[in-house]
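As structure tokens, the structure follows; a few thoughts come after it.
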Amino acid sequence: MIRLMKQSHLFTKTRREAPKDEVSKNAQLLIRAGFIHKEMAGIYSFLPLGLRTMNKIVGIIREEMNAIGGQELSLTALQDKHIWEKSGRWSDEVLDVWFKTTLKNGTELGLGTTHEEQLTNLMKDYIRSYRDLPAYAYQFQTKFRNETRAKSGIMRCREFLMKDLYSFSKNEAEHSAFYEKAKQAYVNVYKRVGIGDLTYITFSSGGTFSKYSHEFQTLTEAGEDMIYVHEGKKIAVNKEVLNDEVLKDLGISRADLIEKKAVEVGNIFNLGTKFSDALELVFKDVDGTNKPVIMGSYGIGPGRVMGTIAEICSDDKGLIWPESVAPFAVHLIALSNKKAVEGVEDQVKKVADEIYAKFVKRGVEILYDDRDATAGEKFSDSDLIGIPIRYVVSEKTIANGEVEMKDRKTGKVEMVNISDFK
RNA sequence: CGGAGCGUGGUGUAACGGCUAACAUUUCUGUUUUGGGAACAGAAGACUCCGGGUUCGAAUCCCGGCGCUCCGACCA
């Protein structure tokens with residue numbers, strides 16, 4: 229990733245007002261700051277700043293997935309309908325979010341909404357023996373879902389990036405052990421991207437093979453889900469499964485639960501042998517018998533995570549990125565003095581250029597506002613874009629041999645000696 | 001997919017069925033200015049979403065389409 233950028237070269241611009249048909253805070257701020265561009269309802273392009281943040285989120289997820297033994301691959305978006313027919317999910321009645329298309333010769337294809345079928349089928353080429361298990365594969369892939377109603381800015385899109393990991397295990401114990409590791413990895417991800425405090429492991433319906441699945445729900449008014457939070461245990465229950473049995477299982481009482489709105493930023497799911505049965509993914513066990521592989525799926529939408537961060541980490545002036553996902557670590561602003569006459573060096577620009585060069589040399593990701601714009605405009609843009617640390621170089625500061633450092637989140641200002649920049 | 005609302009320069013808004021579609025912002029030129037989206041002067045930018053209809057006359061009224069937003073349903 230490119231570490232440095234002069235703002236005069238950045239082709240995107242900020243805007244004072246959000247388009248009137250964007251109501252959600254995440255889309256309003258991200259569009260105004262030049263992170264995303266709306267193409268259609270539920271379909272957004274990612275611009276340079278937005279892509280940088282997206283890649284930061286992706287990078288964190290990748291590290292956590294690698295840490296639990298995930299192996300990254302990339303499956304195709306165009307998918308063969310026959311493997312979907314085997315699981316019974318080709319039908320529009322079963323899966324109503326399909327985008328389907330055809331080849332010139334009439335062959336029907338589907339644009340992947342998810343990849344259980346395809347990966348299960350693929351794994352048949354590689355999983356033969358208990359010695360081949362466990363296996364953990366994941367990808368970052370664009371999913372296509374024909375949502376009847378896209379909404380909430382980038383929170384529910386028709387085309388969106390998703391990290392999906394699938395686990396293949398030889399028995400229930402092996403599966404469960406990995407499932408727990410994955411759960412912890414997810415906790416790590418949300419913590420690292422800056423929304424850990426507001427994110428709850430939420431018990432949700434489990435389907436055929438386990439009593440519960442686990443959603444990761446982040447509290448925000450922009451959310452679509454209603455969950456019941458148990459503050460003491462830092463867990464929650466999805467409204468859909470809240471009943472006496474669940475309360476008993478979790479050892480909690482209804483009185484301790486608080487109803488909150490939340491957005492689902494990830495979920496993990498025990499698939500059991502649903503897909504390995506359907507697509508005949510079996511392995512030869514130690515005793516010589518064929519057994520179906522036990523599977524799990526684990527999903528996170530980096531775009532939705534980004535939208536969630538934008539909802540939570542922002543104020544009336546704009547975005548406030550956590551350091552770990554900010555498009556740049558530092559925003560350097562030069563309030564240069566244009567009065568500088570020909571032949572007389574512009575001291576402010578000179579100092580700012582030097583500081584910029586030092587940051588670049590140190591490998592700090594920096595956006596340098598070298599534009600010919602007024603102070604107010606630069607400050608407003610800086611607040612809107614939301615880079616965590618802002619440095620200002622001006623006549624006033626260099627008169628004392630200093631540079632001003634301001635924390636976007638706390639607003640705390642500190643003067644730093646120019647000679648301290650190494 | 002049911003319900004509601006809305007489509008006017010790049011963006012945000014205005015305009016009784018009646019003048020050359022107005023204002024702000026934006027962009028460009030020049031002067032001036034540099035610590036919170038400065039000031040002045042000049043300029044650019046619109047078949048008022050599309051297609052029909054009513055009318056002497058439509059941004060405005062009617063019909064159809066498309067698009068967008070919100071509520072609900074849905075969310076492997």
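FYI, the numbering for the first sequence is 229 to 650, going by the numbering used here. Backbone N, C-alpha and C fix where the C-beta goes; we use that ideal spot for every residue, glycine too. All values derive from a computational prediction rather than experimental measurement.
| query | result |
| --- | --- |
| How many angstroms separate the CA atom of Val251 from the CA atom of Val533? | 18 Å |
| Under a three-way DSSP split, which group does His310 fall into? | helix |
| Taking contact to mean 3 or more Cβ pairs, one atom from each stretch, closer than 8 Å, check whether the stretch 287-298 and the stretch 377-393 are in contact. | yes |
| Quick one: give me the first and last residue of the beta strand (DSSP E) that Leu277 is part of. | That residue, Leu277, is in no beta strand (DSSP E); its alpha helix (DSSP H) goes 276-295. |
| Can you tell me which of the three DSSP states Ser438 falls into? | coil |
| In three-state terms, what does DSSP make of Thr501? | coil |
| Please state the DSSP three-state secondary structure of Phe444. | strand |
| Helix, strand or coil for Val579 per DSSP? | helix |
| Give me the DSSP bridge partner(s) of Val592. | Paired residue(s): none; Val592 is not in a bridge. |
| Are at least three pairs of beta-carbons, each pair with one atom in the stretch 330-350 and one in the stretch 303-311, less than 8 Å apart? | yes |
| Let me confirm a value: Leu507 is counted as buried when at least 16 other C-beta atoms fall within 10 Å, else exposed. Which label applies? | buried |
| Do the CB positions of Pro555 and Ile615 come within less than 8 Å of each other? | yes |
| For Gly451 versus Lys489, is the C-beta distance shorter than 8 Å? | yes |
| Whole-angstrom Cβ separation of Ser432 and Ser441, contact assumed at under 8 Å? | 5 Å |
| Considering only DSSP beta bridges, list what Leu393 is partnered with. | Tyr366, Tyr526 |
| Please name the residue in Asp600, Glu593, Ala557 whose C-alpha comes closest to that of Asp574. | Asp600 |
| Does the Cβ of Gln445 have 16 or more other Cβ atoms within 10 Å, making it buried, or fewer, making it exposed? | buried |
| How big is the Cα-Cα spacing for Glu300 and Ile289? | 11 Å |
| Does the distance from the CB of Glu344 to the CB of Leu509 come in under 8 Å? | no |
| Can you tell me which residues form a DSSP beta bridge with Phe511? | Lys519 |
| Which same chain residues end up closer than 6 Å to Asp425 when comparing Cβ atoms and leaving out the 5 residues on each side of it in sequence? | none |
| Is DSSP giving Ser380 helix, strand or coil here? | coil |
| If you draw a straight line from the alpha carbon of Lys284 to that of Glu492, how long is it in whole angstroms? | 20 Å |
| Taking buried to mean at least 16 other C-beta atoms within 10 Å of its own C-beta, is Asp324 buried or exposed? | exposed |
| Met268 bridges to which residues according to DSSP? | Ile271 |
| Residue ranges of each alpha helix (DSSP H) run of no fewer than 4 residues wholly in the stretch 416-493, ordered along the chain? | 472-478 |
| Can you tell me which of Lys398, Ser273, Lys650 puts its alpha carbon nearest to the alpha carbon of Asp515? | Lys398 |
| With a CB to CB cut of under 6 Å and the five nearest residues on each side skipped, what residues in its chain are close to Ile486? | Val457 |
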